[in-house]
Amino acid sequence: MATLSDAHSESFRLSMLINDKRYRSYTFQFIALLLLIAAFSYLGYNLVKNLQAAGLNISYKFLGDPAGYDINQRLVEYDKTSSHWRASVVGVLNTLLVAVVGCFFATIIGVIVGVLRLSNNWIVSKLMSVYVEIFRNVPVLIWILIIMAVFIAVLPQPRDFRGANAEASMLFDLFAFTGRGFYLPRPYFAAEWATGATGWLIVIALLIAGFFGARTISRNATKTQEATGVRPTTWYWTLGVWFGPLIIACFVMGLSWEIPELKGFNFSGGIFARNSFIALTFALSIYTAAFIAENVRAGILSVSKGQTEAAASLGLRPNRIMNLVILPQALRVIIPPLISHFLNLTKNSSLAIAVGYMDLTGTLGGITLNQTGRAIESVLLLMAFYLTISLSISAIMNAYNKSIALKER
Amino acid sequence: MSRTDNIAFVRTEMLPESPPPVAETGAIKWLRENLFSSVSNTILTLLSLYVIYQILSGFLPWLFGGVWTTSSLKECREVLDGAVGGCFSVLTERWNQLLFGFKYPPDQYWRISLAFVLLLVAVAPVLFQKMPRKMLYFTGLFPFIGFWLIWGGTIMSPVMVLIGFVAGYIAFSRLEHNSFAMGALGGLISAVIVWWLGGFVTASMQGFMALEQIPSRDLGGFMLNMILGVVCVSLSLPIGIALALGRQSSMPIIKWICVVFIEFIRGVPLITLLFVANVVLSYFFPPGSNLDLILRVIIMITMFSSAYIAEVIRGALAALPKGQYEAADSLGLDYAQSMQHIILPQALKISIPGIVNVAVGLFKDTTLVSVISMFDLVGMIRGPILASTEWNGVYWELWGFAVLLFFIVCFSISKYSQWLERQLRTDHR
Chain A
6 MATLSDAHSE SFRLSMLIND KRYRSYTFQF IALLLLIAAF SYLGYNLVKN LQAAGLNISY
66 KFLGDPAGYD INQRLVEYDK TSSHWRASVV GVLNTLLVAV VGCFFATIIG VIVGVLRLSN
126 NWIVSKLMSV YVEIFRNVPV LIWILIIMAV FIAVLPQPRD FRGANAEASM LFDLFAFTGR
186 GFYLPRPYFA AEWATGATGW LIVIALLIAG FFGARTISRN ATKTQEATGV RPTTWYWTLG
246 VWFGPLIIAC FVMGLSWEIP ELKGFNFSGG IFARNSFIAL TFALSIYTAA FIAENVRAGI
306 LSVSKGQTEA AASLGLRPNR IMNLVILPQA LRVIIPPLIS HFLNLTKNSS LAIAVGYMDL
366 TGTLGGITLN QTGRAIESVL LLMAFYLTIS LSISAIMNAY NKSIALKER
Chain B
11 MSRTDNIAFV RTEMLPESPP PVAETGAIKW LRENLFSSVS NTILTLLSLY VIYQILSGFL
71 PWLFGGVWTT SSLKECREVL DGAVGGCFSV LTERWNQLLF GFKYPPDQYW RISLAFVLLL
131 VAVAPVLFQK MPRKMLYFTG LFPFIGFWLI WGGTIMSPVM VLIGFVAGYI AFSRLEHNSF
191 AMGALGGLIS AVIVWWLGGF VTASMQGFMA LEQIPSRDLG GFMLNMILGV VCVSLSLPIG
251 IALALGRQSS MPIIKWICVV FIEFIRGVPL ITLLFVANVV LSYFFPPGSN LDLILRVIIM
311 ITMFSSAYIA EVIRGALAAL PKGQYEAADS LGLDYAQSMQ HIILPQALKI SIPGIVNVAV
371 GLFKDTTLVS VISMFDLVGM IRGPILASTE WNGVYWELWG FAVLLFFIVC FSISKYSQWL
431 ERQLRTDHR
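Chains A and B, in that order, are what the protein sequence lines are.
Read left to right, the first sequence gives residues 6 to 414 (the working numbering).
Read left to right, the second sequence gives residues 11 to 439 (the working numbering).
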């Protein structure tokens, strides 16, 4: 705070460091800095002493050593001889997988529940309130463990699918839901030149091209509308741009499905989503969805009824009112807390360790830490990873908030 | 000539009021408007009724057909003999373990129960303005009584700590008229002196009013969740306020210390902080000092929740109109006075819902200590109870019990905060 002072008649005296507002803050900051340095050097001194006593040192060389343990769910190549670093990368990818899938489902469930909670149907809105209250008021760890237990107890084991009149059967002969995990058909490209990553890169490129194509079409339509007042019908063009090249490409590359098959006591082939992954994702989704539902409800309620009525009096149709008036205002309220719930979900995914899903906490913070005894290094890396994610997401969020903030005065 | 009295169709007396149509009154109207107003609504209603029926038809027979008196799962299944019902006897048989952990000496359970009852008494005047204000003295004493009851040992050590606080407060109030900083420094010094002297007194009076000493690692069950929740929330409130004020400060160094601390803590999951408590923190203490795991966990959880509380309070500080700060300045109040009398009372009032949210979240998060092999409620269920030969395989009853306990506590706290918000609302809406 700037302080007006009269002419510099008084010279500086030592007592002004305590009594004068202008200089006192320097004293306080100096003391704070000194205390901080003292605290850190004390902790650092203890650390060095303790490490010496235990015959340890701080080094990250262990990341290059072979890990020697197996990871049962992985997105990239990994085996026992891979390094601890590789194990951490597998863990990071697993964390991100749970986070992305969890956020996706949490948003869908949350939005549906939040809207249903506002429904004028009494029984539905009460049912949704009960859901929200139950899930918000019980620890997520308990939900993860319950859902894992239910999962194993309720679903059949792979051996139940055996035999002529088996106890369980596959859904459409394509999907198998077992207590060990879900077995799903796996798409792959039969054409020789498109096997492996090439085919998928082409698909991704086509999707991106489709996105830009669709945007161009919609811009042209807007231009026509502004010029003539009539918006041309473009949905089939949009659909064609999105999916036409994709379908042709899939056909050319020979898209086929590898269907899981029962071999012996287990299924083989297809995509195998382990029960720990499913249970964790499901639990995190429905837990976070309860919070998101509350957000969505608050966001919709925050738009005053007068807005709807004003839009209606302008002659807008109900879906245009929703798209052009209600949603833009509600989203301003909904999105910032929504992103912080995504962040919470990502951080809560570290509870994977309770059901044995090998995310980063399970690999680097679990087995690697216990095997190598490199506690400080492992925990530091673990924190650095989560910190990077959190800080980058909050940086994005701040930029977004700035861009949508109401421009006043 | 216009006479109307002999025209046949003019009615001379009023008809009695007929009742409104059946479909427009009472329950039927309500049903029509709220449940069957349109086709999609009807479908939704029927669907929800079906879901409710499914849940209740599974749940109620299980609940009411339950067995409460057997001593193992096998026995319970024999009693049930194929009928639907829960083996709630696991709850009755392991009741003490679920609440107190499996190591706390059974003949000392009364201490925990007494501490819990006293906690309710101590918290009551804080929660409800209508309670007699004198009870706040008991609230001030409770931490020391609670410590003595739960951990045991001589009563002299908590008493000496208390005397230290009292001495610090007296010195503070004597010196405060000079300046706040002077008062705080004087209070701190006199408290430390009293504690140092008190150490000798305690050492010489080990047996005085001593309860059996219970090591921290013997604490467990739901009691551990309660202890961690209560202790960490109460400790993190003052720290959180200090951090929030620091973050708002105009002094760059202090501001950046607070910002880095808050953002760091909020950026990492609690479980990594618990790992720190478990395996890293002891490296930072002087060699030979053997800090309890529970104490290390309390340190880390307190840091965690104080960062979140600081953010809540910072939001409230930012929400206050600037005129309040300027009014305080124009009255000639210094920083400490304006905060104490003008800013914080308003800011804390606004931040109550946020603080309660953090408190509920923190209480739920205390279950995470089971991951670093402490035996709280979840740890007890996953460890000693489900692993025992008698009760291997009883999931629903145990987890249902855990859900119920946490739900009761958290739901009542959040209902309380909503009530308090209405009580404190002074604007006219």
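By construction, the Cβ of each residue, glycine as well, lies at the ideal position given by its N, Cα and C atoms.
For clarity, every value in this text was computed on a predicted model and none was experimentally measured.
Residue i, DSSP secondary structure in three states
i, result
"A:Met-6", "Low confidence applies here, because A:Met-6 scores a pLDDT of 48, under 50, leaving its location unreliable and the question unanswered by this model."
"B:Trp-78", "coil"
"A:Phe-194", "strand"
"A:Asp-25", "coil"
"A:Leu-319", "coil"
"B:Pro-248", "helix"
"A:Glu-266", "strand"
"B:Asp-91", "coil"
"B:Asp-228", "helix"
"B:Phe-385", "coil"
"B:Pro-297", "coil"
is_contact[residue i, chain B] using C-beta, thresh 8 Å
i, result
"A:Phe-180", "no"
"A:Ala-154", "yes"
"A:Gln-34", "yes"
"A:Leu-101", "no"
"A:Met-402", "no"
"A:Leu-384", "The amino acid at residue 384 of chain A is misidentified as Leu; the sequence shows Val. Closer than 8 Å: yes."
"A:Glu-299", "no"
"A:Thr-366", "yes"
"A:Tyr-391", "yes"
Length of the line joining the Cα atoms of residue i and residue j
i, j, result
"A:Val-145", "B:Val-419", "15 Å"
"A:Asn-324", "A:Thr-233", "23 Å"
"B:Gly-371", "A:Val-135", "18 Å"
"B:Arg-439", "B:Ile-360", "Model confidence at B:Arg-439 stands at a pLDDT of 49, short of 50, so the residue's coordinates are unreliable and nothing is read from them."
"B:Gln-223", "B:Gly-217", "11 Å"
"A:Pro-190", "A:Ala-278", "11 Å"
"B:Phe-175", "A:Ala-359", "42 Å"
"B:Leu-59", "A:Ile-213", "44 Å"
"A:Leu-365", "A:Arg-91", "11 Å"
"A:Phe-390", "A:Glu-382", "12 Å"
"B:Leu-245", "B:Val-404", "37 Å"
"B:Ala-213", "B:Ile-173", "16 Å"
"B:Phe-271", "B:Trp-120", "41 Å"
"B:Gln-428", "B:Pro-363", "7 Å"
The alpha helix (DSSP H) enclosing residue i, as first and last residue numbers
i, result
"B:Ile-173", "166 to 185"
"A:Pro-161", "No alpha helix (DSSP H) holds A:Pro-161; DSSP gives it neither H nor E."
"A:Ser-261", "Note, A:Ser-261: premise wrong, no alpha helix (DSSP H); beta strand (DSSP E) at 260 to 263."
"B:Arg-324", "303 to 329"
"B:Leu-137", "119 to 137"
"B:Gly-448", "Given that chain B is displayed from residue 11 to residue 439, the structure contains no residue 448 of chain B and the question cannot be resolved."
"B:Glu-103", "99 to 103"
Neighbour flag for residue i against chain A, beta carbons, 8 Å
i, result
"B:Thr-282", "yes"
"B:Leu-101", "no"
"B:Thr-377", "yes"
"B:Met-233", "no"
"B:Ile-264", "yes"
"B:Ala-328", "no"
"B:Arg-392", "yes"
Segment limits, beta strand (DSSP E) that includes residue i
i, result
"A:Ala-181", "181 to 183"
"A:Ala-278", "276 to 279"
"B:Arg-343", "A quick correction: the sequence has Leu, not Arg, at residue 343 of chain B. Note, B:Leu-343: premise wrong, no beta strand (DSSP E); not H, not E."
"B:Leu-415", "Counting along the chain, B:Leu-415 falls outside any beta strand (DSSP E), though it belongs to the alpha helix (DSSP H) covering 406 to 434."
"A:Leu-80", "Element bounds for A:Leu-80: n/a, residue is neither H nor E."
"A:Leu-425", "The question about residue 425 of chain A has no answer here: the residues shown for chain A are numbered 6 through 414."
"A:Gly-186", "186 to 189"
Nearest-angstrom Cβ-Cβ length linking residue i and residue j, presumed shorter than 8 Å
i, j, result
"B:Ala-329", "B:Met-310", "That pair is no contact at about 30 Å."
"A:Thr-313", "A:Ile-331", "7 Å"
"A:Val-103", "A:Ser-354", "5 Å"
"B:Ile-263", "A:Gln-34", "4 Å"
"A:Phe-248", "A:Gln-78", "So it is not a contact: roughly 31 Å between Cβ atoms."
"B:Val-388", "B:Thr-377", "5 Å"
Check: residue i C-beta below 7 Å from any heavy atom of the ligand PLP
i, result
"B:Leu-129", "This structure lacks the ligand PLP, and indeed carries no ligand of any kind."
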